[in-house]
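**Q**
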Amino acid sequence: MQDSNSGGISSSLNVPGSTPSGDINAFREILKGAKHIVVLAGAGLSAASGVPTFRGAGGLWRRRDVLSLSTPASFIDNPSRSWQFHHYLRELALKAEPNDAHLALAHFAVPHLRHAVSPQSSFTLVTQNIDGLDRRAFERVFSASGLPSPLSLDMEPTVFQQEDPLLIEMHGLVCGVACTDYSCRHRELNMQSPICPALAGTEFLVDLPDPALDAPKDDVRRPRRTAAEARAWAEARLAGTHASHSAEPDIPNSALPKCSKCGSLVRPDVVWFTEVPRHAEKIMKIVDHADVCIVVGTSAVVHPAATFASRVKSHGGVVAVLNVEHGKLDSHADFLFLGPCEQTLPKILALP
Ligand code: APR
Ligand code: ZN
């Protein structure tokens with residue numbers, strides 16, 4: 001591991017407190033000498049494809065914080081709501097197209113193209129994104145280069161057995177489903193749109209619900225409505241004239257997506273808060289021998305992804321951060337390229 005970091009890469013860039021460089025040519029010199037490049041990607045990578053980020057402006061769905069919907073507890077409490085949220089994400093992902101940042105990374109994954117920029121390096125893209133746009137970009141670019149796709153439509157890329165897999169989807173895929181029956185545990189990709197008739201169209205109900213109506217009755221935080229407001233709402237609901245955006249469909253489990261093997265309820269095959277990211281050990285090994293870490297479009301607040309940059313720094317590697325704004329990783333960055341990654345990444349990784 002130590003050997004992989006000797007030669008080529010200078011850790012003298014790594015001066016705590018120093019201002020990161022924005023010099024693309026200097027970073028391309030670093031890439032020239034790199035041996036193991038790891039890219040950590042987050043929601044900002046897919047922003048230009050129309051997939052909203054988790055935090056900030058994009059972080060609400062039906063006025064709920066999306067982070068609160070990304071837990072096992074929220075699925076157990078309300079499978080109908082959880083499925084409607086994930087169905088919304090599935091539909092977004094299925095309709096979205098990879099953008100220039102995905103494509104730049106996919107080109108870099110093609111060995112002979114990468115080696116024109118970084119002649120000796122391996123490459124792994126570790127993505128926190130669940131939209132599957134990274135693998136779609138890979139498939140597109142490899143096929144355009146006349147190469148067999150390095151992936152398959154299986155749950156795991158076929159290259160995963162290799163020392164440095166090209167792509168690791170550490171939070172799973174929103175188009176994956178996993179059986180909730182522990183004696184079955186079947187997992188598969190399901191790209192159908194809609195995934196089941198009961199969810200069809202619910203992705204358009206984006207103004208739902210009024211959390212005040214949903215809160216438990218003894219919840220002291222529940223905002224008070226005036227009697228007139230409450231009566232008007234109840235009357236409209238009874239008469240069935242309330243706008244479709246004012247009531248959340250309550251879909252029974254029997255109408256939610258089912259396991260193709262045993263017929264039990266399936267869940268979205270994504271990693272929620274409190275769950276362990278996929279291939280965590282393998283990722284840490286890759287991070288620990290990376291001499292260059294490029295962090296793209298992530299707030300890097302979720303573990304273990306939050307630690308990648310500091311781990312690479314701790315063994316003398318170089319860290320480049322690409323983001324539209326300053327963030328907590330700036331203090332670890334040797335290079336900081338501010339701007340939309342769909343513009344900066346193609347420049348940084350471009351063929352000479
Ligand atoms: N180019 C570069 N960066 C961008 C762009 C863009 N076009 N658009 C947004 N960003 C940046 C934002 O400034 C922010 O730092 O992308 C980051 C997105 O951060 P988050 O919304 O927190 O998403 P992410 O870091 O991927 O979240 C990590 O948290 O909710 C969980 O499991 C979920 O995988 C997710 C994880
Ligand atoms: Zn099953």
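According to full-length UniProt numbering, the residues represented by the sequence shown are 1 to 352, in order. Ideal placement from N, C-alpha and C gives every residue a C-beta, glycine not left out.
1) Classify residue 253 as buried or exposed, calling it buried when 16 or more other Cβ atoms lie within 10 Å of its own Cβ.
2) Hey, residue 368 and residue 113: beta-carbon distance below 8 Å or not?
3) Cα separation between residue 340 and residue 295?
4) Is residue 53 near the ligand APR, with its Cβ less than 7 Å from a heavy atom?
5) Determine the direct distance from the alpha carbon of residue 164 to that of residue 123, and round the result to whole angstroms.
6) Give the C-beta separation of residue 137 and residue 178 to the nearest angstrom, bearing in mind that I take them to be a contact with Cβ-Cβ under 8 Å.
7) CB of residue 331 to nearest heavy atom of the ligand APR: below 7 Å?
8) Identify which residue in 150, 33, 347 and 257 has its Cα closest to the Cα of residue 139.
9) Do residue 34 and residue 334 have their C-beta atoms within less than 8 Å of each other?
10) So does residue 325 have its beta carbon nearer than 7 Å to some heavy atom of the ligand APR?
11) Could you name the residues whose beta carbon sits closer than 6 Å to any heavy atom belonging to the ligand ZN, keeping them in chain order?
12) How big is the Cα-Cα spacing for residue 204 and residue 98?
13) For residue 338, which residues of its own chain have a beta-carbon under 6 Å away from its beta-carbon, when the five flanking residues on both sides are left out?
14) Does DSSP classify residue 54 as helix, strand or coil?
15) Rounded to whole angstroms, what is the Cα-Cα separation between residue 258 and residue 54?
16) Between the region 15-29 and the region 322-336, can you find at least three pairs of beta-carbon atoms closer than 8 Å?
17) Check whether the Cβ atoms of residue 326 and residue 36 lie closer than 8 Å to each other.
18) Between which residues of its own chain and residue 51 is the CB-CB distance below 6 Å, once the five residues before and five after are set aside?
19) For the candidate residues 275, 270 and 317, whose alpha-carbon lies nearest to that of residue 287?
20) Does the ligand APR have a heavy atom nearer than 7 Å to the CB of residue 47?
21) At a cut of 8 Å, does the region 263-278 reach the region 165-184 through at least three beta carbon pairs?
22) Using CA coordinates, which residue listed in 300, 72, 25 and 133 is at the minimum distance from residue 46?
23) Distance check for residue 279 and residue 351, CA to CA, integer angstroms please.
24) How many Å lie between residue 161 and residue 247 at the Cα?
25) Using a Cβ-Cβ cut-off of 8 Å (strictly less than) and excluding sequence neighbours within five positions of residue 49, which residues of its own chain qualify?
26) On the premise that residue 307 lies in contact with residue 322, defined as a C-beta separation below 8 Å, what is that separation, rounded to the nearest angstrom?
27) Roughly how many angstroms separate the alpha carbons of residue 166 and residue 109, rounded to a whole number?
28) Closer than 8 Å by C-beta to residue 196: which residues in its own chain qualify, once you throw out the five before and the five after it? Chain order, please.
29) If you draw a straight line from the alpha carbon of residue 328 to that of residue 44, how long is it in whole angstroms?
30) Quick one: residues in its chain with C-beta nearer than 6 Å to the C-beta of residue 117, no 5 flanking neighbours on either side, listed in chain order?
31) With DSSP as the reference, label residue 80 as helix, strand or coil.
**A** Well, looking at it:
1) Here residue 253 refers to the residue found at position 253 of the sequence shown. With fewer than 16 other Cβ atoms within 10 Å, it is exposed.
2) In this structure the chain extends from 1 to 352, so residue 368 is not present and cannot be described.
3) Numbered from 1 along the sequence shown, position 340 holds the residue referred to as residue 340. Numbered from 1 along the sequence shown, position 295 holds the residue referred to as residue 295. Those two C-alpha atoms are separated by around 13 Å.
4) To locate residue 53, count along the sequence shown from 1; it is residue 53. Yes.
5) Working through the sequence shown from its first residue, we reach residue 123 at position 123. Working through the sequence shown from its first residue, we reach residue 164 at position 164. Roughly 7 Å separates the two Cα atoms.
6) The residue labelled residue 137 in the question sits at position 137 within the sequence shown. The residue labelled residue 178 in the question sits at position 178 within the sequence shown. With 8 Å as the limit, residue 137 and residue 178 do not qualify as a contact, their Cβ atoms being about 24 Å apart.
7) As a first step, residue 331 must be located in the sequence shown, where it is residue number 331. No - the ligand APR has no heavy atom lying nearer than 7 Å to the Cβ of residue 331.
8) Taking the first residue of the sequence shown as 1, we reach residue 139 at position 139. Comparing Cα positions, the closest option is 150.
9) Counting from 1 along the sequence shown, the entry for residue 34 is found at position 34. Counting from 1 along the sequence shown, the entry for residue 334 is found at position 334. Going by C-beta atoms, residue 34 is not nearer than 8 Å to residue 334.
10) By one-based count along the sequence shown, residue 325 stands at place 325. For the ligand APR, at least one heavy atom lies less than 7 Å from the Cβ of residue 325.
11) 179, 181, 184, 186, 259, 261, 262 and 264
12) To locate residue 204, count along the sequence shown from 1; it is residue 204. To locate residue 98, count along the sequence shown from 1; it is residue 98. Looking at the two C-alpha atoms, the distance is approximately 22 Å.
13) Taking the sequence shown and counting its residues from 1, one reaches residue 338 at position 338. Counting only Cβ-Cβ distances below 6 Å, and skipping sequence neighbours, we find nothing.
14) The sequence position of residue 54 within the sequence shown is 54, counting from 1. In the structure shown, residue 54 sits in coil (DSSP, three-state: anything other than H, G, I, E or B).
15) Looking up residue 258 in the sequence shown gives position 258. Looking up residue 54 in the sequence shown gives position 54. One C-alpha to the other measures close to 27 Å.
16) yes
17) Working through the sequence shown from its first residue, we reach residue 326 at position 326. Working through the sequence shown from its first residue, we reach residue 36 at position 36. The answer is no: Cβ separation not under 8 Å.
18) For the purposes of this step, residue 51 is taken as residue 51 along the sequence shown, with counting starting at 1. Cβ within range, chain order: 92, 96 and 131.
19) To locate residue 287, count along the sequence shown from 1; it is residue 287. The residue with the shortest Cα to Cα distance from residue 287 is 317.
20) Taking the first residue of the sequence shown as position 1, residue 47 is located at position 47. Yes, the Cβ of residue 47 comes within 7 Å of a heavy atom of the ligand APR.
21) yes
22) As a working note, residue 46 is residue 46 in the sequence shown. Looking at the Cα atoms, 133 is the closest of the given residues.
23) Reading the sequence shown from its first residue, position 351 is the one you call residue 351. Reading the sequence shown from its first residue, position 279 is the one you call residue 279. Their Cα atoms are separated by approximately 31 Å.
24) The count along the sequence shown starts at 1 and reaches residue 161 at position 161. The count along the sequence shown starts at 1 and reaches residue 247 at position 247. Residue placement at residue 161 is poorly supported in this model, since its pLDDT is 48, which falls under 50; the coordinates are not used for a value here.
25) The residue given as residue 49 occupies position 49 in the sequence shown. So the qualifying residues of the chain are 96, 97, 98, 99, 102, 131 and 133.
26) Position 322 of the sequence shown, counted from the start, is the residue given in the question as residue 322. Position 307 of the sequence shown, counted from the start, is the residue given in the question as residue 307. Actually they do not touch by this definition, with Cβ atoms about 18 Å apart.
27) Within the sequence shown, residue 166 is the residue found at index 166, counting from 1. Within the sequence shown, residue 109 is the residue found at index 109, counting from 1. Rounded to whole angstroms, residue 166 to residue 109 spans 7 Å at the Cα level.
28) Here residue 196 refers to the residue found at position 196 of the sequence shown. Here the set comprises 255, 256, 257 and 258.
29) In the sequence shown, residue 328 corresponds to position 328, counting from 1. In the sequence shown, residue 44 corresponds to position 44, counting from 1. The alpha-carbon atoms of residue 328 and residue 44 are separated by roughly 15 Å.
30) Here the question's residue 117 lines up with position 117 in the sequence shown. Same-chain partners within the cutoff: 31.
31) Position 80 of the sequence shown, counting from 1, holds the residue named residue 80. Three-state result, residue 80: helix.
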